[in-house]
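Here the structure is laid out as structure tokens; the discussion comes afterwards.
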Amino acid sequence: MDLTTILGLVVGIGALLISVVLEGGHLVSLISLPAFVVIFGGTIGATAIGFTLEELKTVPTLMRIAFKDEKHDVSSLIATLVSFAEKARREGLLALEEDLNGIGDKFLKKGMQLVIDGTDAELVRSIMETELAFIQERHHKGASIFDAAGGYAPTMGIIGTVMGLVHVLGNLTDTESLGPAISTAFLATLYGIFSANIFFLPIAGKLKNRSAHQVLVYEVTLEGILSVQAGDNPRIVEEKLEAFLAPTKRKKPQAQADD
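If you read the sequence shown in numbering that gives the first Met the number 0, its first letter stands for residue 0, the second for the next number, and so on.
If you want it as structure tokens, here you go:
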């Protein structure tokens with residue numbers, strides 16, 4: 000599980016609950032089934048209108064991505080591509096075909112297969128960039144589902160509060176229940192704003208962050224594939240690919256490493 004996602008939710012929800020206790024309130028006062036139904040039912044319904052059924056079916060997968068601890072080892076990827084460059088210069092591109100069976104990355108495997116099959120470099124770039132563009136589009140669509148939900152939830156909260164106040168104003172003769180009824184009405188606004196800013200929008204942000212990391216990996220992969228095809232010197236390939244990384248993530252020069 001991704002620690003930051005879990006920790007963020009725990010801290011956010013915990014801060015709300017603790018603040019209620021510190022103000023002398025009771026946690027049970029935050030429970031309102033009607034508000035819950037209006038906010039989450041309304042938000043889900045409004046969000047569903049804007050997307051297709053096939054797109055909505057990806058929500059469980061998107062949730063797993065947001066909560067799963069995924070680490071892309073770019074350094075290992077660069078080492079793999081450098082080894083491909085070394086072997087291609089020694090034995091030729093066709094010698095790399097036997098190494099494809101051990102590759103689990105579909106993007107890397109597809110690109111290398113195109114190279115081994117003798118596909119023109121410009122065509123390889125075009126095919127792989129098109130693949131990358133559609134990967135980014137799918138990622139954007141997934142994040143936009145949670146962005147949309149984060150936009151609708153506060154509005155649904157206001158609607159829930161207005162509905163509650165309408166009910167209160169229709170029963171002004173019962174003065175004893177007036178205070179609790181108003182308090183319950185405003186819980187809808189709390190649910191809407193809180194769910195949007197603690198769950199929906201942060202999950203959208205997490206998905207965008209994950210997408211950016213994966214796109215970086217694929218950009219490194221594509222550049223490496225084209226370098227292998229061009230027959231670049233392995234050292235040049237390594238330097239070229241490490242340029243995608245932050246200075247602290249790059250491999251130290253041998254002389255510096257020995258100091």
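Glycine included, every Cβ here is placed at the ideal spot set by N, Cα and C.
Nearest chain B C-beta to residue i closer than 8 angstroms, yes or no?
i: residue 121; result: Structure shown: chain B not included; a single protein chain is present.
For residue i, does the count of other Cβ atoms within 10 angstroms reach 16, so buried, or fall short, so exposed?
i: residue 17; result: exposed
i: residue 201; result: buried
i: residue 254; result: Confidence at residue 254 is low in this model, with a pLDDT of 40, below 50, so the placement of that residue should be treated as unreliable; the coordinate-derived value is given next. With fewer than 16 other Cβ atoms within 10 Å, it is exposed.
i: residue 149; result: buried
i: residue 146; result: buried
i: residue 80; result: buried
i: residue 30; result: exposed
i: residue 115; result: buried
i: residue 141; result: buried
i: residue 209; result: buried
i: residue 160; result: buried
i: residue 226; result: buried
i: residue 122; result: exposed
i: residue 183; result: buried
i: residue 133; result: exposed
i: residue 42; result: buried
i: residue 256; result: With a pLDDT of 43 at residue 256, under the threshold of 50, the modelled position of that residue is not reliable, and no figure is offered here.
i: residue 5; result: exposed
i: residue 237; result: buried
i: residue 44; result: exposed
i: residue 155; result: buried
i: residue 105; result: exposed
i: residue 240; result: buried
i: residue 139; result: exposed
Does DSSP put residue i in a helix, in a strand, or in coil?
i: residue 0; result: coil
i: residue 25; result: coil
i: residue 98; result: helix
i: residue 182; result: helix
i: residue 38; result: helix
i: residue 13; result: helix
i: residue 30; result: coil
i: residue 260; result: The structure shown has nothing for residue 260, since the chain only spans 0 to 258.
i: residue 8; result: helix
i: residue 172; result: coil
i: residue 49; result: coil
i: residue 257; result: Since pLDDT at residue 257 reaches only 42, below the 50 mark, its modelled position is unreliable, and no value is offered.
i: residue 18; result: helix
Where does the unbroken alpha helix (DSSP H) through residue i begin, and where does it stop?
i: residue 72; result: Where residue 72 is concerned, there is no enclosing alpha helix (DSSP H), given that its DSSP letter is neither H nor E.
i: residue 140; result: 120 to 168
i: residue 54; result: 52 to 55
i: residue 64; result: 58 to 66
i: residue 199; result: Residue 199 -> no alpha helix (DSSP H), and no H or E assigned at all.
i: residue 114; result: 105 to 115
i: residue 92; result: Residue 92 -> no alpha helix (DSSP H), and no H or E assigned at all.
Would you mind giving the Cβ-Cβ distance between residue i and residue j, rounded to the nearest angstrom? I have them listed as a contact below 8 angstroms.
i: residue 76; j: residue 220; result: 7 angstroms
i: residue 26; j: residue 19; result: 6 angstroms
i: residue 152; j: residue 187; result: Rounded, the Cβ-Cβ distance is 10 angstroms, inconsistent with contact.
i: residue 46; j: residue 144; result: 6 angstroms
i: residue 108; j: residue 99; result: 6 angstroms
i: residue 162; j: residue 37; result: 7 angstroms
Segments of 4+ residues assigned as alpha helix (DSSP H) that fall wholly inside the region 212 to 250: 233 to 241
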